[in-house]
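Chemist: Let me begin by handing over the structure; questions about it come next.
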RNA sequence: GGGCGCGUAGCUCAGUUGGUUAGAGCACGCGGUUCACAUCCGCGGGGUCACAGGUUCGAGUCCUGUCGCGCCCACCA
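In the numbering used here, the protein residues as written are 1 to 894.
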C-alpha cells in the first residue's frame, strides 16, 4: 500500500462548479493530444488496430461521422485500458468525383468552369480547398474526443498512398488483371466521365413505353412492332430481336426491316434474352446504348452505332437530330415517327432510370474506351474468407449481402475522365510506329523505354475507391516494408457504414488478399444511417442536417457520443433527437454531482491507495457490500457485452448502475451514516472512492471528457484515466445483493403505501417490521431502512412474528417481509381497503401463475431445477402475502 | 424478380445463448425548498410484444405463413 492521498484543492475546485461540458472538453483535448497516449503502447500484447474510414474532404463533418467516431473511439479506448497497444489511424479522402464537384460548384458561383482555368490551375484550386478543409476535419474529430494517432494522419493524395496506388496498378496490370478496352459503360453527361456500376443509382420513374412499327422488307407491307422506353436510341438500331420459340415471328426470322427515318436495313435475329411476354415480344436492338442490346449485338455480330456524344447530345450518326440534347431528340424522334405513321401507340410505363450518384443527372449507357479491373480472380478468395469465417461480420446478416455481390460481380471500370484524383500511371509512346504502352510506379516518365521517343500520360484519373481499397496497408507505409506494416497489418476491426459495404469493404478485402496475402481486418462492424427525429435522411437540400460540433458545444461531446452509442444497434438506422442528447447530458450532470457529494467524504476521511487506485475496502455493512458486488456484476456484464460488440447495451447497463443504484440507493443510504463514527465514515468514504473510481473507468470509453475530469478529482493512481486498467472480474457477494435488494423492495413498498395513503413525504412515521429470512440483515441496516423509508429512527421496531396490524395502521408486504405502519388518525379506511384489495389481487395473480406452472408435471420434470425452485418460492411467498393481506382486510371490517 | 431489415407503452427505441411480474428515456398524473444534483427526488397510470399457426415444460426471443413500412441487389426493352 502506498501513500494516503486525496485530491488536491485545485483538483477539487473544478468539481465545485456546476457541470459545464463545453468548459471541461475545451480543457482536455489539447492535453490529450500532448499526452502521447493516442499512440500505441510498446506492450508486446497483440495490438488492436482500427483504420478510420477517411472522411471526404468535401466540407464539414456530419452526424454520421460523429457516430463512427463514437464507436471507434469507444473500441480504441476500451482496448487501450485493457493494455492492448491500440492504434487508430486517422485520415481523409480526396473524394475524386465528389471533391472535384464541390470545387466546380464554387467556381460556378464565380461564373467559371474548370475549363476556364485549365487543368493545372484547377488542381491548384482543389488543393487549396483540400488544405483548408483537411485541417477542419481534424479539428472536428478532436472536438468529438477522437483518440486517434494524429502523427499517422494520412490523406489519400499524399505521396505515400499515391505511390501505393501506382504500385498496385502496375502489379495488377503486369498480372493481366487490369486491362483497357472498349466496353459499354455508364456515362454521366454532366460530370463527363465514366462511372462504375455502383455509382449509378436506379430510381423507378414514370415514363412511357412507345410502340414503333418497322416495315419488313419484301413482305407486302407487313410491319413488326417493337416496344421501347428510349425511342431516340432507335437511330442507333442495328437489328430487331425475337425469342427463337415465338411462333408469331417465326416467318420473319432472317428477314430484314427498314428502320424508319434513317431507312437503314437491319436484320431480324433470334435471342434467348428476349422475353416474349413483354411488349410485343419483339425488341429493337441498339448495341451501342443498352447493356442488353450490347450483348445481343455481340452474339449476332451486329454493328455498333453510337448516336450520342459524351456531352449528352446527338451526334452526326443521328442524322437530322444531330446536335440536339437527348431529351429534345426524344420528343423530336417521337414526333417524326408519328408523322410517318410509325408510332403505333404510347403507354404509360414505370421503369428504373439510372442517375449519377453525385450529381443526379440521368446516365447514358454508351461505348467507350476505359480501364477495367478483371474481378473474377480477385473476388474468389474474397468470397472464401467470408465463408470460412476469417472475416466476421457484425451483424452477421451482412455476410450474405457481401457474398451475393461478390458472387455476381462484373468487371470494375476504374478510369474517370476527371482532373482531380490519382492520375492513371500509364504513358503512351507518341510515335505511332512504336506504340509502346508504359505502366510505371514512378511519378513521371519522360521518354519511351522502347524507342526513347516522347510519351504522354493517360489524361484520366482513377476511381476514388481504388485508393480507398488500399487504405489498410497504404496508411502503414506499403509498398515499403515498414515496422508499422509488420506490426499493425492486418487491423482488428473495420468499423464503417453498411452503405459502403461494396464500395469500400469488399474492395479492401480483395486488394488486401491480393497484395498482402492476408485479410485486411478480422471483423467488419457495420453501423446504420443517422436520421433526423422524424426518420428522414439528413440532407443539405432538406435543411435537416444536424451539425455534431454544434450539438457538442451545447450538450457536450460526451452527451452526443453517449446518445449515439446507446441508441444505435449495429446495422440498423437510428433517429437522433435532441431530447435524447439532453437526457444523456443530464446523466453526465448526475455523475458530476455524485462526485461532488463523494468529495466531501474524502475531505473527512483520507483514502488509501494501492498501485491500482483506491484500495478495495472489505466492509461488513450490507449497503457497502451490496454496492461493491453490484459493481462487480455490472463490470462482468459490461465486459461481456463489449466483447460481443453489444456496445449500446453495455452503456445502458453502466448508466443504470450509476444512476439507479449508486446514486439513488447507495449514496442516499450513505447519508444516514454521515456524522457517525469516524471508522464508519471512513468505510463509506473508502467504498465511495472505490466504486466511483471504478465506475468512472467503466464509463470512460463512452464519455471520455467527463470521466477524465472526474477521475482527476478522485483519489487515483496514474496520469490519465485513458490508461487506467479495465476492471478485473471479481466474485459476486450474492448474499448481500439479495438482502439489500429485499431492503430496497421493502422501502419501495412503504413509500408506495405512504404515497397512496397521502402521508406527507417529510413526515417521520413509525413502523413494525417483520423481516422473515432477512430479519438479521434488516436489523443490521436499521439506520438505512429507517432513513430511506422516512421512519423515525427510534420508531422502527423489529418484530419476531408478523405484525397483526391494529386499526389505524397500514399493512405493507414486500416479498416475505411485512411492515405495519401506525398512522393514528390519518388512515382513510376506505382508501386503505381499496389499496389492500388491489394488493391482494396482485398477490393472488402471482400465486395463480406460480401454481399453474407447478401444476404442470412436464414443467416440474423438464425445466432446470433452479427455474422450478424459483416458482416454488414465488408460490410460497405470494400465498403467505394473500393470507396476511386478507386477514388485514377482514380486521378492518367493512 | 431476388434478398434483407423493421413492426414492443402516447412518442423514440432497448430487449444478448428461449426461463420469475417485458424495460429505458421523453411525455403524462400526483407529491416534494432533506446542505451532490430542480440538468433533481419520490410515487403512479400506460403494453393481447403487427396478425395467424407451429416447435417447446416454457416464445417478444426459434420455425412457417399473412399484412403494413423501409432498404439493398437485378441488363425485361
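Glycine is no exception: its CB is placed at the ideal position from the N, C-alpha and C atoms. This structure is a prediction, so every number in the text was calculated from the model and none was measured.
1) Just curious, the alpha helix (DSSP H) that residue 590 is in, first and last residue?
2) Would you kindly report the start and end of the unbroken alpha helix (DSSP H) that includes residue 737?
3) Per DSSP, what kind of secondary structure is residue 410 in: helix, strand or coil?
4) Quick one: residues in its chain with C-beta nearer than 7 Å to the C-beta of residue 568, no 5 flanking neighbours on either side, listed in chain order?
5) Pull up the distance between the alpha-carbon of residue 155 and that of residue 349, whole angstroms please.
6) Which runs of the beta strand (DSSP E), 3 residues or longer, sit entirely within the region 53-108?
7) Taking all protein chains shown into account, do 16 or more other C-beta atoms lie within 10 angstroms of the C-beta of residue 829, making it buried, or fewer, making it exposed?
8) Does residue 20 come out as helix, strand or coil in the three-state DSSP assignment?
9) My output table needs one value for residue 15: the three-state DSSP class, helix, strand or coil.
10) Are three or more beta carbon pairs between the region 704-720 and the region 627-643 nearer than 8 Å?
11) What residue range is occupied by the uninterrupted alpha helix (DSSP H) comprising residue 130?
12) Provide the residue span of the alpha helix (DSSP H) that contains residue 163, from first to last.
13) Anyone know if the C-beta pair for residue 370 and residue 185 falls short of 7 Å?
14) Please report the straight-line C-alpha distance between residue 895 and residue 355, rounded to a whole angstrom.
15) Identify, in the order they occur along the chain, each residue of the same chain with its Cβ nearer than 8 Å to the Cβ of residue 35, setting aside the five sequence neighbours on each side.
16) Between which two residues does the beta strand (DSSP E) harbouring residue 371 extend?
17) Report, in whole angstroms, the separation of the C-beta atoms of residue 241 and residue 269, which I expect to be a contact under 8 Å.
18) Nearest-angstrom Cα distance between residue 635 and residue 414?
19) So does the region 330-347 actually touch the region 183-201, counting three or more Cβ pairs closer than 8 Å?
20) Tell whether a beta-carbon distance below 7 Å holds between residue 100 and residue 420.
21) To the nearest angstrom, how far is it from the Cα of residue 61 to the Cα of residue 596?
22) How about residue 825 and residue 717: do their beta carbons lie closer than 7 Å?
23) One question on the structure: do residue 170 and residue 445 come within less than 7 Å of each other, judged by their Cβ atoms?
24) Only counting the same chain, and skipping five residues up and downstream in sequence, which positions put a Cβ closer than 7 Å to that of residue 437?
25) Going by beta carbon distance, what residues of the same chain come within less than 6 Å of residue 85, once the five residues before and after it are set aside?
26) Tell me, please, whether the region 447-457 touches the region 86-95 by the rule of three or more beta-carbon pairs shorter than 8 Å.
27) Taking DSSP as the reference, what is the three-state secondary structure of residue 891?
28) Assuming residue 710 and residue 696 form a contact by the criterion Cβ under 8 Å, report the distance between their Cβ atoms to the nearest whole angstrom.
29) Between residue 817 and residue 525, what straight-line distance do the alpha-carbon atoms span, to the nearest angstrom?
30) How many angstroms separate the CA atom of residue 694 from the CA atom of residue 654?
31) Taking only three categories from DSSP, how would you classify residue 477?
32) Where do the ends of the alpha helix (DSSP H) carrying residue 627 lie?
33) Does DSSP put residue 320 in a helix, a strand or coil?
34) To the nearest whole angstrom, what separates the beta carbons of residue 814 and residue 796, a pair I think is in contact under 8 Å?
35) Could you give the uninterrupted runs of the beta strand (DSSP E) lying entirely in the region 759-792, keeping only those of 3 residues or more?
36) Could you tell me which whole alpha helix (DSSP H) segments of length 4 or greater appear in the region 395-476?
Modeler: On the basis of the data shown:
1) Position 590 of the first chain, counted from the first residue, corresponds to residue 590. Unbroken alpha helix (DSSP H) run through residue 590: 578-604.
2) Stepping through the first chain from its first residue, residue 737 is reached at position 737. 734-757 is the extent of the alpha helix (DSSP H) around residue 737.
3) Within the first chain, numbered from 1, the residue matching residue 410 stands at position 410. Coil at residue 410, not helix or strand.
4) Along the first chain, one-based indexing puts residue 568 at 568. If we look at residue 568 and ignore the five residues flanking it on each side, its Cβ neighbours are 67, 527, 528, 574, 648.
5) Residue 155 sits at position 155 when you count from the first residue of the first chain. Residue 349 sits at position 349 when you count from the first residue of the first chain. Whole-angstrom Cα-Cα distance: 46 Å.
6) 86-89
7) Within the first chain, residue 829 is the residue found at index 829, counting from 1. Exposed, because fewer than 16 other Cβ atoms sit within 10 Å of the Cβ of residue 829.
8) What you label residue 20 is simply residue 20 of the first chain in a count that begins at 1. Correct three-state label for residue 20: coil.
9) As a working mapping, residue 15 is identified with position 15 in the first chain. Residue 15 falls in the helix class under three-state DSSP.
10) no
11) In the first chain, residue 130 corresponds to position 130, counting from 1. Where residue 130 is concerned, the enclosing alpha helix (DSSP H) stretches over 119-143.
12) Counted from its first residue, the first chain places residue 163 at position 163. Note, residue 163: alpha helix (DSSP H), 159-174.
13) On the first chain, residue 370 is found 370 positions in, with the first residue counted as 1. On the first chain, residue 185 is found 185 positions in, with the first residue counted as 1. Yes.
14) Here the chain comprises residues numbered 1 to 894, so residue 895 is not present and cannot be evaluated.
15) Reading the first chain from its first residue, position 35 is the one you call residue 35. So the list reads 719, 720, 722, once near-sequence residues are dropped.
16) Locating residue 371 in the first chain gives position 371, counting from the first residue. Its beta strand (DSSP E) spans residues 364-373.
17) On the first chain, residue 241 is found 241 positions in, with the first residue counted as 1. On the first chain, residue 269 is found 269 positions in, with the first residue counted as 1. With a Cβ gap of about 5 Å, residue 241 and residue 269 count as contacting.
18) Taking the first chain and counting its residues from 1, one reaches residue 635 at position 635. Taking the first chain and counting its residues from 1, one reaches residue 414 at position 414. The straight-line gap from Cα to Cα measures roughly 49 Å.
19) no
20) Residue numbering aside, residue 100 sits at position 100 when the first chain is read from its first letter. Residue numbering aside, residue 420 sits at position 420 when the first chain is read from its first letter. In contact: residue 100 and residue 420 (Cβ atoms closer than 7 Å).
21) Position 61 of the first chain, counted from the start, is the residue given in the question as residue 61. Position 596 of the first chain, counted from the start, is the residue given in the question as residue 596. Their Cα atoms are separated by approximately 35 Å.
22) If you number the first chain from 1, residue 825 lands on position 825. If you number the first chain from 1, residue 717 lands on position 717. In this structure, residue 717 does not lie closer than 7 Å to residue 825 by Cβ.
23) If you number the first chain from 1, residue 170 lands on position 170. If you number the first chain from 1, residue 445 lands on position 445. Taking 7 Å as the Cβ cut-off, residue 170 and residue 445 do not qualify as a contacting pair.
24) Along the first chain, one-based indexing puts residue 437 at 437. The answer, listed in chain order, is 426, 428.
25) The residue given as residue 85 occupies position 85 in the first chain. Closer than 6 Å at Cβ, skipping near neighbours: 40, 41, 43, 47.
26) no
27) Counted from its first residue, the first chain places residue 891 at position 891. In the structure shown, residue 891 sits in a helix (DSSP, three-state: H, G or I).
28) As a working note, residue 710 is residue 710 in the first chain. As a working note, residue 696 is residue 696 in the first chain. 5 Å between Cβ atoms; contact.
29) On the first chain, position 817 is the one that residue 817 refers to. On the first chain, position 525 is the one that residue 525 refers to. If I take the Cα positions, the gap works out to 48 Å.
30) Residue numbering aside, residue 694 sits at position 694 when the first chain is read from its first letter. Residue numbering aside, residue 654 sits at position 654 when the first chain is read from its first letter. Cα-Cα distance, rounded: 11 Å.
31) Sequence index remark: in the first chain, residue 477 carries index 477 (1-based). Note: residue 477 maps to coil in three-state DSSP.
32) Locating residue 627 in the first chain gives position 627, counting from the first residue. Here the alpha helix (DSSP H) through residue 627 covers 622-643.
33) Residue numbering aside, residue 320 sits at position 320 when the first chain is read from its first letter. Residue state, collapsed to three classes: helix.
34) The residue you call residue 814 lines up with position 814 of the first chain. The residue you call residue 796 lines up with position 796 of the first chain. The Cβ separation is near 15 Å, so there is no contact.
35) 765-770
36) 397-407, 464-469, 471-474
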